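Working notes, structure below.
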Amino acid sequence: MKILVINCGSSSLKYQLIDMNDESVVAKGLCERIGIEGSKLTHQPTGKDKYIVEQPMPDHKVAIGLVLEALQDAEHGVVKSTDEIAAVGHRVLHAGTTYCESIVVNEDVKRVIRECFDLGPLHNPANLMGIEACEAVMPGKANVAVWDTAFGMSMPEKAYLYAIPHEYYEKYSIRRYGFHGTSHMFVSGEAIKFGKLDPENAKVIVCHLGNGASISASIGGKCVDTSMGLTPLEGLIMGTRSGDIDPAVCQFICNKEGIDINEMLNILNKKSGVLGMSGGVSSDFRDIESARAEGNHLADVALQAFIYRVAKYIGAYTAAMNGVDAIAFTAGVGENDIKSRKAICEYLGYLGVKIDDDANNIRGERRVISAADSKVKVMLIPTNEELAIARETLRLTK
Ligand code: AMP
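Taken in order, the sequence shown gives residues 1256 to 1653; the numbers are from the working numbering.
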């Protein structure tokens, strides 16, 4: 049984076709520049050559049509007909407070996605376009929405409510939602299985450290706190996002620079993080590390601050759960940056965390990286959001 996983952006569409018998990727690809001149589909069937289609894609419906053609192509295809695709799983950013779990798409679900356009203005409209395109091109095929916000919905009120007048929660649903939810759900679940932890009670902290970075605390796979908030801006220091900051900084800079709050938010989202702190070196952690190695002081401080913030959150979440059984690292930096993982864990000696340097000398592979006598299991668990979406889709449609 094969599941098609779709992740739509406003001008892009990523896909993977996954064979659920062995959870292998049969083909994957990307449509770029949808609705813009120069549209391009790059289709990669596993074990075969890449296939590139350069054809106008005025909208997502045309893009999905081309993806299905590529999947069925005599030479580059991997299925004979769309009958082989059991269902389609969609990454959808925001369900507001309505859905706590993945769900088979119907008219109500589409209404909720639409109602949450203002909570996810960049993603929800594109996600809906992807769903409607699949409905148009494959009528009758089940579509499943897998929400990025679902994981955070199990947080208690003390974790998700902001200390602002309650009327803003009631009127506008202003609260902590958390993002990267599919990744946190997948990695915390896999950490429990891989680490042979108690599935009901294991206290797990997942550090999703990539260009966007977030951290979650969960007990028995249920989220109790997470660092991103109403938007992905809150929490850790990221590639270009500031993470936590005194809100009064915004007013101060707006007044001094004569800019408005929209411009300020753009600075906090796109020009801050390690990019901003390093004086503009780069948002890419590899570039920051190279600059540090060449003696760039600000790059060094940016990396130190990034590591320090992660360590502080791990301490806070350990307190929130009254303990921690496992810490799992994932995403680009978490899976590949050996030095940062070690530096973060060096802050955690008081918890009895001990890293095994040989075990930690690894990239992108599932492994326990703590020493045998470490009081907390530290693991590297590569994230796989597509597989998580495919599993949810299978669960709801089989
Ligand atoms: P992601 O957003 O999960 O794709 O992660 C992207 C980030 O991972 C980029 O900032 C990369 O620089 C970083 N990254 C990838 N490989 C390494 C590495 N070997 N060392 C440090 N950072 C890395």
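We put the CB at the ideal spot given by N, CA and C, even for glycine. Note that the structure is a prediction, hence the values are computed from the model and not measured.
Straight-line Cα distance separating residue j from residue i
| i | j | result |
| --- | --- | --- |
| residue 1633 | residue 1581 | 6 Å |
| residue 1336 | residue 1302 | 20 Å |
| residue 1652 | residue 1448 | 24 Å |
| residue 1408 | residue 1579 | 21 Å |
| residue 1279 | residue 1538 | 32 Å |
| residue 1322 | residue 1262 | 13 Å |
| residue 1425 | residue 1374 | 15 Å |
| residue 1320 | residue 1601 | 51 Å |
| residue 1639 | residue 1269 | 14 Å |
| residue 1513 | residue 1535 | 22 Å |
Helix, strand or coil at residue i [DSSP, three-state]
| i | result |
| --- | --- |
| residue 1541 | helix |
| residue 1315 | helix |
| residue 1269 | strand |
| residue 1408 | helix |
| residue 1443 | helix |
| residue 1471 | strand |
| residue 1349 | coil |
| residue 1299 | strand |
| residue 1615 | helix |
| residue 1360 | coil |
| residue 1462 | strand |
| residue 1621 | coil |
Member of the options whose CA lies at the smallest distance from the CA of residue i
| i | options | result |
| --- | --- | --- |
| residue 1276 | 1339, 1305, 1285 and 1401 | 1339 |
| residue 1520 | 1549, 1491 and 1487 | 1487 |
| residue 1621 | 1628, 1637, 1615 and 1575 | 1637 |
| residue 1354 | 1401, 1644, 1325 and 1413 | 1401 |
| residue 1550 | 1377, 1342, 1533 and 1410 | 1533 |
| residue 1440 | 1417, 1478 and 1468 | 1478 |
| residue 1333 | 1295, 1256, 1316 and 1395 | 1256 |
| residue 1568 | 1464, 1319, 1389 and 1649 | 1464 |
| residue 1431 | 1438, 1413 and 1577 | 1413 |
| residue 1381 | 1309, 1498, 1289 and 1341 | 1289 |
| residue 1328 | 1308, 1287, 1466 and 1438 | 1308 |
Any C-beta of chain C under 8 Å from that of residue i
| i | result |
| --- | --- |
| residue 1625 | No chain C is present in this structure, which holds just one protein chain. |
Whether residue i touches residue j by CB criterion (8 Å)
| i | j | result |
| --- | --- | --- |
| residue 1522 | residue 1485 | no |
| residue 1435 | residue 1403 | yes |
| residue 1273 | residue 1641 | yes |
| residue 1474 | residue 1461 | no |
| residue 1344 | residue 1367 | no |
| residue 1299 | residue 1283 | yes |
| residue 1325 | residue 1306 | yes |
| residue 1399 | residue 1648 | yes |
Any non-hydrogen atom of the ligand COA within 7 Å of residue i CB
| i | result |
| --- | --- |
| residue 1382 | Only the ligand AMP can be found as ligands here, which leaves the ligand COA out of the picture. |
Exercise for the section: Give a yes or no on contact between the segment 1457–1464 and the segment 1502–1509, applying the rule of three or more CB pairs nearer than 8 Å. Expected result: no
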